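Student:
Right under this line is the structure:
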């Protein structure tokens with residue numbers, strides 16, 4: 001995700017949907033090194049739990 005320079009609402013929706021589907025299967029979707037703007041968007045949408053720290 002560090003090279004991503006744009007994501008629109010359908011893209012964010014796809015990430016949220018994928019995270020929900022994986023969670024239902026007992027797995028987790030984690031994003032590594034998202035750009036600051038994407039980190040902010042995820043936080044605003046309460047999806048910041050998808051960010052892998054470290």
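In the UniProt record's numbering, the protein residues as written are 1 to 54. All residues carry an ideal CB built from backbone N, CA and C; glycine is no exception. Only a predicted model underlies this, so the values are computations on that prediction, with no experimental measurement involved.
1) CA-CA distance, residue 33 and residue 21?
2) For residue 40, does the three-state DSSP call read helix, strand or coil?
3) Drop a sphere of 10 angstroms on the beta-carbon of residue 50, count the other beta-carbons inside from all chains shown, and report buried for 16 or more, exposed for fewer.
4) My output table needs one value for residue 32: the three-state DSSP class, helix, strand or coil.
5) Looking at the structure shown, is residue 19 part of a helix, part of a strand, or coil, going by DSSP?
Tutor: According to the structure shown:
1) In this structure, the straight-line span from the alpha carbon of residue 33 to that of residue 21 is close to 22 Å.
2) Here residue 40 sits in helix by DSSP.
3) By the C-beta density criterion, residue 50 is buried, having at least 16 other C-beta atoms within 10 angstroms.
4) For residue 32, the secondary structure class from DSSP, reduced to helix, strand or coil, is strand.
5) It is helical.
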